Amino acid sequence: MQVDREEDDGRRSGSAPRPDDAQAAQDDEEAVQFDVHDVRLFAQLLSVIIPHSAGGASSASLADAAATGVETQSRGAWGSLPAGQEGDWSCVFAEWRRNEIRLRGVSRGRDVYSELRLASSFFRAFEYRGSDAAPGADRASRKRRRRRAAEGEAADDARGLRSEDGSAEAGEGGLAAETRPGYQVMIRVKELVNALMLFGENAHLRVRFAFDEGVVSLLLQERPLPGAGKSEDEEEAISEVAVKTFDVSRHERLPDLSAFPSAGTSSSADYIRINPQVFREILVDLLGSDEDAGASGGNGDVCLSVVPPPLAEFLPQETDQELRGAPVGACGGRHAAWSSGAASARERRAQDSPHIVMKLTSDQQSVAQEVALGLDPILFPRVELSRPHRHTYKLRSLLSVVPALKLATGLRLEWLQGGLLLLQLLIKPDLRTRLFLHFYLFPTVSAEGQ
């Protein structure tokens, strides 16, 4: 009887867990979860978010990096790795926010950056539970503050706590609140895409990421067949895959490229809108395929020169009256002379018609490749070029966007400050969704004005 009383006292004192405590802990857990409607499209977006590195160089895996003890070092420390491990990690930077998911990638050599924002409306049942100040990063400090507040510490003790721990919290939580509004991790794209494709294109998939667990859980749910005795909302989970994530150190954070100013004035920008499939064919035809670049290492330089069309007032404006006044030829009558004059005028008009000259010169090619594209509204929906642009980029940089162009239905090329080239890809899977995938290509040499 004495033992039973002690056990009952222990239960009343809180030594045994209660269902309410477990539910409260689950509700307090910081996590984001959402349902993926189109698994195939989601996997395709993840596969192209990282600029493909031409040249076929082997990438260093996270397992190899962890074995050498440099898992969380900056990318600048890759020089100390053994030969063959200086490649790209092929990780996507995923930033979880309350209203969107921000995915960013970087190519080998950090000469191409990419960014894709997936709004919460892109997913189904998007749910975010976390603090806007610094999700996940200062969870321990918040627990300490709540515990000390519950214990009823004095105000001076609280001020002493801030003076002792304030520097550490400012270095972690404060810095995260200023430079990282969302919780950011790195995920191996290959592992994530392989896990997605295991479920098939028609799977009902739920993705969940708990900030304190460090893994992305992919939960496959099977919809019950109608008339099976189950409600429409009831679903049965049949499979789950966990993909490990990695923390992002201060040196591994990617820059905010959206803050780069335009090369032109603040009110106007130099850009062209071009058919993405035509631009992809131009890159492949003039520079060769990615396999061709891999044979040469993909390290060559390519000079991209874009010359805008001439002004409209300088174009020939022959009229029928001018054509009728053409001189009579020696071998024909006036009608024959007018016909020949009209034909020559049409030829001149075709030769002098507005066009954009796009020239690609590679240091691995003996002859420069050049193409003149007519200002067809289907090919160029809009052209806003005030001057020619001529910059040199890495061969692998230009070819790195070719896989992503296959998914695009629209493309905008904009020249920013210093020759930084912004490629804005419009991906429109259906009439209700509009996605914009951005690629930033850094030039090696700027040749404007030469």
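Under UniProt numbering, the first residue of the sequence shown carries the number 1, and numbering increases by one thereafter.
Don't be surprised by glycine CBs; every beta carbon is placed ideally from N, CA and C.
A quick note: this is a predicted structure, and the numbers were derived from the prediction, not measured.
When burial is assigned at 16 or more other CB atoms within 10 Å of the CB, is residue i buried or exposed?
{"i": "Val-48", "result": "buried"}
{"i": "Glu-115", "result": "buried"}
{"i": "Gln-417", "result": "exposed"}
{"i": "Gly-419", "result": "buried"}
{"i": "Pro-443", "result": "buried"}
{"i": "Arg-390", "result": "buried"}
{"i": "Gly-182", "result": "buried"}
{"i": "Ala-259", "result": "exposed"}
{"i": "Ala-125", "result": "exposed"}
{"i": "Pro-377", "result": "exposed"}
{"i": "Asp-165", "result": "Interpretation of Asp-165 is limited by its pLDDT of 38, a score under 50 that renders its predicted location unreliable; no figure is taken from the coordinates."}
{"i": "Asp-430", "result": "exposed"}
{"i": "Val-445", "result": "exposed"}
{"i": "Pro-310", "result": "exposed"}
{"i": "Ser-386", "result": "exposed"}
{"i": "Gly-109", "result": "buried"}
{"i": "Leu-283", "result": "buried"}
{"i": "Leu-399", "result": "buried"}
{"i": "Leu-375", "result": "exposed"}
{"i": "Leu-198", "result": "exposed"}
For residue i, name the three-state secondary structure that DSSP assigns.
{"i": "Ile-427", "result": "strand"}
{"i": "Ala-94", "result": "strand"}
{"i": "Phe-246", "result": "strand"}
{"i": "Arg-280", "result": "helix"}
{"i": "Gly-84", "result": "Interpretation of Gly-84 is limited by its pLDDT of 34, a score under 50 that renders its predicted location unreliable; the figure taken from the coordinates is listed afterwards. Correct three-state label for Gly-84: coil."}
{"i": "Ala-31", "result": "strand"}
{"i": "Gly-418", "result": "helix"}
{"i": "Lys-359", "result": "strand"}
{"i": "Leu-437", "result": "strand"}
{"i": "Arg-145", "result": "Summary for Arg-145: the model assigns pLDDT 46, below 50, so the residue's position carries little reliability; its value from the coordinates is reported in the next sentence. Reduced to three states, the DSSP call for Arg-145 is helix."}
{"i": "Lys-406", "result": "coil"}
{"i": "Ala-104", "result": "Before going further, note that residue 104 is Arg rather than Ala in the sequence given. Correct three-state label for Arg-104: strand."}
{"i": "Glu-127", "result": "strand"}
{"i": "His-251", "result": "helix"}
{"i": "Ala-372", "result": "strand"}
{"i": "Leu-413", "result": "strand"}
{"i": "Glu-115", "result": "strand"}
{"i": "Val-445", "result": "strand"}
What's the C-alpha gap between residue i and residue j?
{"i": "Glu-252", "j": "Thr-245", "result": "14 Å"}
{"i": "Ala-423", "j": "Ala-210", "result": "The sequence given here has Leu at residue 423, not Ala. Going by the C-alpha atoms only, they are around 33 Å apart."}
{"i": "Phe-436", "j": "Ala-408", "result": "9 Å"}
{"i": "Gln-277", "j": "Leu-405", "result": "7 Å"}
{"i": "Ala-195", "j": "Ser-121", "result": "23 Å"}
{"i": "Arg-208", "j": "Val-371", "result": "48 Å"}
{"i": "Leu-421", "j": "Ala-43", "result": "26 Å"}
{"i": "Cys-91", "j": "Asp-285", "result": "30 Å"}
{"i": "His-52", "j": "Tyr-113", "result": "11 Å"}
{"i": "Asn-99", "j": "Gln-369", "result": "45 Å"}
{"i": "Phe-279", "j": "Leu-413", "result": "10 Å"}
{"i": "Glu-95", "j": "Ile-238", "result": "28 Å"}
{"i": "Pro-135", "j": "Asp-212", "result": "With a pLDDT of 46 at Pro-135, under the threshold of 50, the modelled position of that residue is not reliable, and the figure given next carries that caveat. The alpha-carbon atoms of Pro-135 and Asp-212 are separated by roughly 10 Å."}
{"i": "Asp-426", "j": "His-438", "result": "Going by the sequence as given, residue 426 is Leu instead of Asp. One C-alpha to the other measures close to 9 Å."}
{"i": "Arg-432", "j": "Arg-206", "result": "21 Å"}
{"i": "Val-243", "j": "Gly-214", "result": "9 Å"}
{"i": "Ser-307", "j": "Asp-111", "result": "Reading off the sequence, residue 307 comes out as Val, not Ser. When rounded, the distance between both Cα atoms is 24 Å."}
{"i": "Ala-269", "j": "Val-383", "result": "11 Å"}
{"i": "Leu-304", "j": "Val-357", "result": "10 Å"}
{"i": "Val-401", "j": "Leu-395", "result": "11 Å"}
{"i": "Arg-40", "j": "Ile-50", "result": "17 Å"}
{"i": "Lys-359", "j": "Pro-388", "result": "11 Å"}
{"i": "His-204", "j": "Gly-410", "result": "29 Å"}
{"i": "Pro-403", "j": "His-355", "result": "27 Å"}
{"i": "Asp-38", "j": "Arg-434", "result": "14 Å"}
Whose CA, out of the options, lies closest to the CA of residue i?
{"i": "Val-32", "options": "Leu-218, Glu-127, Val-248", "result": "Glu-127"}
{"i": "Ser-362", "options": "Gly-288, Gly-418, Gln-417", "result": "Gly-288"}
{"i": "Glu-240", "options": "Arg-250, Asp-247, Asp-256, Gln-221", "result": "Gln-221"}
{"i": "Leu-441", "options": "Asp-430, Leu-425, Tyr-393", "result": "Tyr-393"}
{"i": "Arg-250", "options": "Val-185, His-438, His-37, Asp-270", "result": "Val-185"}
{"i": "Ile-187", "options": "Asp-247, Ser-386, His-438, Glu-30", "result": "Asp-247"}
{"i": "residue 453", "options": "Phe-93, Val-36, Leu-283, Leu-411", "result": "One cannot answer for residue 453 here, as it falls past the ends of the chain, which runs 1 to 450."}
{"i": "Arg-273", "options": "Pro-381, Val-39, Ile-356, Thr-433", "result": "Pro-381"}
{"i": "Leu-118", "options": "Pro-388, Val-36, Val-215, Leu-395", "result": "Val-36"}
{"i": "Arg-104", "options": "Arg-129, Val-307, Leu-46", "result": "Leu-46"}
{"i": "Asp-301", "options": "Lys-428, Ile-50, Arg-108, Ser-397", "result": "Ser-397"}
{"i": "Leu-192", "options": "Arg-434, Leu-218, Arg-206", "result": "Leu-218"}
{"i": "Arg-129", "options": "Leu-198, Leu-373, Ser-400, Phe-34", "result": "Phe-34"}
{"i": "Ser-107", "options": "Phe-199, Phe-123, Lys-359, Val-189", "result": "Val-189"}
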